[in-house]
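Note that the protein sequences, when read in sequence, are chains E and S. Read the first sequence against the numbering used here and you will find it ends at 336, with the numbers running on by one and no gaps. Read the second sequence against the numbering used here and you will find it ends at 600, with the numbers running on by one and no gaps. Here is the structure we will look at.
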Amino acid sequence: MAEAPLDRTTPPPDRAPTARLEMTDISVAFGGVTALEAVSLTVEPGQVHGLIGPNGAGKTTMFNVACGLVRPSSGRIAWKGSELRRLRPAQLTRLGIARTLQGVGLFAGMTVLENVMVGAHRHARSGFLSALFAIPTADKDEERLRERAMTALAELDATAYAERYPGSLPYPVQKRVALARALVAEPDLLLLDEPASGLSEDEMHELGELIRTLSARMSVLLVEHHMDLVMRVCDRITVLDSGKPIAVGTPEEIRANPAVTEAYLGDDVDVAAHTTEFGSTRSETAPTGTEGASA
Amino acid sequence: MEQFISLTLGGVVNGSVYAAFALALVLIWRSTRIVNFAQGSMAAATTFIAVAVIDAGGSYWLALVVALLSGLVMGALIERVVIRPVEGGPELNAVIVTLGLFVAIQGIVALVAGVDERAFVPPFSTVGYEVREGFTLLSLSRNSIWTVGAVLVTMLALIALFRFTRLGLAMRASAFGQEVARLLGVRVGRMLTLGWALAAAVGALAGMLIAGDVSFIGPTFMDTLIVFGFVAAVLGGLDSPIGAVVGGLLLGLALNYVRGYLDDSLLGMAALVILVVVLLVRPGGLFSTTAARRA
Numbered sequence: 042m043a044e045a046p047l048d049r050t051t052p053p054p055d056r057a058p059t060a061r062l063e064m065t066d067i068s069v070a071f072g073g074v075t076a077l078e079a080v081s082l083t084v085e086p087g088q089v090h091g092l093i094g095p096n097g098a099g100k101t102t103m104f105n106v107a108c109g110l111v112r113p114s115s116g117r118i119a120w121k122g123s124e125l126r127r128l129r130p131a132q133l134t135r136l137g138i139a140r141t142l143q144g145v146g147l148f149a150g151m152t153v154l155e156n157v158m159v160g161a162h163r164h165a166r167s168g169f170l171s172a173l174f175a176i177p178t179a180d181k182d183e184e185r186l187r188e189r190a191m192t193a194l195a196e197l198d199a200t201a202y203a204e205r206y207p208g209s210l211p212y213p214v215q216k217r218v219a220l221a222r223a224l225v226a227e228p229d230l231l232l233l234d235e236p237a238s239g240l241s242e243d244e245m246h247e248l249g250e251l252i253r254t255l256s257a258r259m260s261v262l263l264v265e266h267h268m269d270l271v272m273r274v275c276d277r278i279t280v281l282d283s284g285k286p287i288a289v290g291t292p293e294e295i296r297a298n299p300a301v302t303e304a305y306l307g308d309d310v311d312v313a314a315h316t317t318e319f320g321s322t323r324s325e326t327a328p329t330g331t332e333g334a335s336a
Numbered sequence: 306m307e308q309f310i311s312l313t314l315g316g317v318v319n320g321s322v323y324a325a326f327a328l329a330l331v332l333i334w335r336s337t338r339i340v341n342f343a344q345g346s347m348a349a350a351t352t353f354i355a356v357a358v359i360d361a362g363g364s365y366w367l368a369l370v371v372a373l374l375s376g377l378v379m380g381a382l383i384e385r386v387v388i389r390p391v392e393g394g395p396e397l398n399a400v401i402v403t404l405g406l407f408v409a410i411q412g413i414v415a416l417v418a419g420v421d422e423r424a425f426v427p428p429f430s431t432v433g434y435e436v437r438e439g440f441t442l443l444s445l446s447r448n449s450i451w452t453v454g455a456v457l458v459t460m461l462a463l464i465a466l467f468r469f470t471r472l473g474l475a476m477r478a479s480a481f482g483q484e485v486a487r488l489l490g491v492r493v494g495r496m497l498t499l500g501w502a503l504a505a506a507v508g509a510l511a512g513m514l515i516a517g518d519v520s521f522i523g524p525t526f527m528d529t530l531i532v533f534g535f536v537a538a539v540l541g542g543l544d545s546p547i548g549a550v551v552g553g554l555l556l557g558l559a560l561n562y563v564r565g566y567l568d569d570s571l572l573g574m575a576a577l578v579i580l581v582v583v584l585l586v587r588p589g590g591l592f593s594t595t596a597a598r599r600a
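Written as structure tokens, this is what we have:
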């Protein structure tokens, strides 16, 4: 399904997306204030699932529950069929889950390449002690990490910046690097938090193409403000309002749902106005890759 | 001219000792953003352990190995037990904890080993090389070459660790952004412990070199070194091992010229004047560019 520039990173067939994330009746309360109330959300294998809602609806909280940063007061999370009881952030990558942050969160004092190499950390084979003492095996390990990181950078068209420091790069490039850092772990589930913030129309379009491409090899949970992007790339969408789910369905169903439009009234995003022009653009055709991404 | 050469060489030797001490401070600052004021008394403690080994009939080299190992263990224990609870809290808390450690460890050393100063025999001759008839370089001996060489090797090893190993990558990632590193699957707690362990081992090396240089030890023999090592680390920007070594060498030279051309009693003041000037003019250290943070 992937075109030329993406072939390099096509994972072996056994890594096909078979993983389902099921979050059931999740409730979160911060000191008496209820942030989420019995929200259920299922990310099907290989699907892009959107999580939207007006400001303060609880999107980010739900997202943080999914990656273990926020512990729900009640509810269950099941991943690949087994229940996650005490999900801790450090376990995420081992479980095959990667996330990006709302900002960028790149390590300022490390080059772009090194940043991405940290993301591939869990794939290194040599253990803690051999990395410290047995230089030869650690060396090969290092070489593999470097190659993987370069491949991920190539997929996001950011190879040219490998030796640069994040602070010296434009924001959209930093975002691409952050995405490469998440992808290099070859996750089965990718959690994207506001990936389009700060991007231009063109860049957002490319991002949409990329996310569609990624869904061939991983599931994606997408929290996003930009309604047009969400409508274009998502297979299913969950709408939250004031911590409660008000709608679940395909983009078409969500667009037609009056409750959703109502929730957004007063907010500066108008679902109907933003989505009609993208009515049927969700591409079933092969994506063109990111070759033309602006530098 | 002869005096100048002699002072310069002596400055390099003293400077490399300051550099070793600064390296230890930098290692801890990098990983936990804490200035470890207990470094001096920790190093005094490990040097006393080494002396105990020598007293029991061991060689200097066995004693050195024991000192380094006990440094590793002490550093790891202190981080785990005493520092961990204040990590991430207000900076002042950590500073006060390390000051408390400084006094406590010094007290324990005095209780166990007594307050009297005692002789310490360096591993090599401290007799200066005779360049020609009537001109002996008092400051350049076989022992001072060992001192400078040991510090340089340590610095190179640390740079290699940070630059070329996966472990170093993970340590740097933890230093730059703990939360993000955790999300990427880095065992951050382990990296912090390792940072303290390495620092204490480098501090132990500094203790052994200084003891050899001044030929005596006592519970407080490292105290002036805290000031010099700290100034050297700030000169180098607190963040880079190379900066620490360059800062140490510069400080060693400056102080030795003060000692030679002005007066011995001005040393402490000169160090503090340099500190104040650096903080006024280049608060980020002499190498406060991204380039200096590479290593």
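Cβ atoms here follow ideal geometry from the backbone N, Cα and C, with glycine treated the same way. All values reported here derive from a predicted model rather than from experimental measurement.
- Using a Cβ-Cβ cut-off of 7 Å, residue 104 of chain E is close to nothing in chain S; its nearest Cβ partner there is about 12 Å away.
- In the DSSP assignment, residue 260 of chain E is bridged to E:230.
- Using a 10 angstroms sphere on the CB of residue 503 of chain S, the tally of other CB atoms reaches 16 or more, which defines it as buried.
- By the Cβ criterion, the region 330 to 346 of chain S is not in contact with the region 308 to 322 of chain S, since fewer than three pairs of Cβ atoms, one from each stretch, lie closer than 8 Å.
- In the structure shown, residue 286 of chain E adopts extended strand secondary structure according to DSSP, grouped into three states.
- Annotation for residue 157 of chain E: the continuous alpha helix (DSSP H) segment containing it runs 153 to 160.
- Residue environment for residue 419 of chain S: exposed (fewer than 16 other C-beta atoms within 10 angstroms of its C-beta).
- In summary, the residues of the region 486 to 502 of chain S whose CB is separated from some CB of chain E by less than 8 Å are 486, 487, 488, 489, 490, 491, 492, 493 and 495, in the order they occur in the chain.
- Along the region 454 to 471 of chain S, going in chain order, the ones with a CB nearer than 7 Å to a CB of chain E are 469, 470 and 471.
- Interface with chain S (8 Å Cβ-Cβ cutoff): residue 182 of chain E is included.
- Taking the CA atoms as reference points, residue 433 of chain S sits about 9 Å from residue 448 of chain S.
- Ranked by Cα distance from residue 365 of chain S, the first of S:550, S:510, S:500 and S:470 is S:510.
- Contact of residue 482 of chain S with chain E is assigned, a C-beta pair being separated by under 8 Å.
- Under the DSSP assignment, residue 306 of chain S falls outside any alpha helix (DSSP H); it carries neither an H nor an E label.
- For residue 352 of chain S, the closest C-alpha among the options S:393, S:427 and S:386 is that of S:427.
- Residue 130 of chain E reaches chain S at 484, 487 and 488, counting residues in chain order whose Cβ is nearer than 8 Å.
- In the three-state reduction of the DSSP assignment, residue 305 of chain E falls in the helix class, which pools H, G and I.
- For residue 525 of chain S, no beta strand (DSSP E) segment is defined, and its DSSP state is neither H nor E.
- In this structure, residue 292 of chain E keeps its C-beta atom at 8 Å or more from the C-beta atom of residue 81 of chain E.
- For residue 445 of chain S, there is no enclosing alpha helix (DSSP H), as DSSP marks it with neither H nor E.
- In this structure, residue 159 of chain E keeps its C-beta atom at 8 Å or more from the C-beta atom of residue 329 of chain S.
- Residue 217 of chain E is not bridged by DSSP to any residue.
- At a cut-off of 8 Å between beta carbons, residue 477 of chain S contacts chain E.
- Annotation for residue 477 of chain S: the continuous alpha helix (DSSP H) segment containing it runs 471 to 481.
- Within chain E, the C-beta atoms nearer than 7 Å to that of residue 474 of chain S come from 155, 158 and 159, in chain order.
- Residue range 493 to 519 is occupied by the alpha helix (DSSP H) that includes residue 495 of chain S.
- When secondary structure is reduced to three states using DSSP, residue 351 of chain S falls in the helix class.
- An exposed status is given to residue 181 of chain E, since fewer than 16 other beta-carbon atoms sit within 10 Å of its beta-carbon.
- For residue 149 of chain E, the closest Cβ of chain S is nearer than 8 Å.
- Contact between the region 271 to 287 of chain E and the region 70 to 85 of chain E is established, with three or more Cβ pairs separated by less than 8 Å.
- Here DSSP, grouped into helix, strand and coil, assigns residue 281 of chain E to strand.
- According to DSSP, residue 90 of chain E shares a beta bridge with E:262 and E:277.
- Residue 134 of chain E reaches chain S at 489 and 490, counting residues in chain order whose Cβ is nearer than 7 Å.
- Under DSSP, residue 202 of chain E forms no beta bridge with any residue.
- In chain S, no part has a C-beta under 9 Å from the C-beta of residue 248 of chain E; the shortest such distance is about 20 Å.
- In this structure the region 134 to 154 of chain E touches the region 189 to 203 of chain E; the number of beta carbon pairs closer than 8 Å is three or more.
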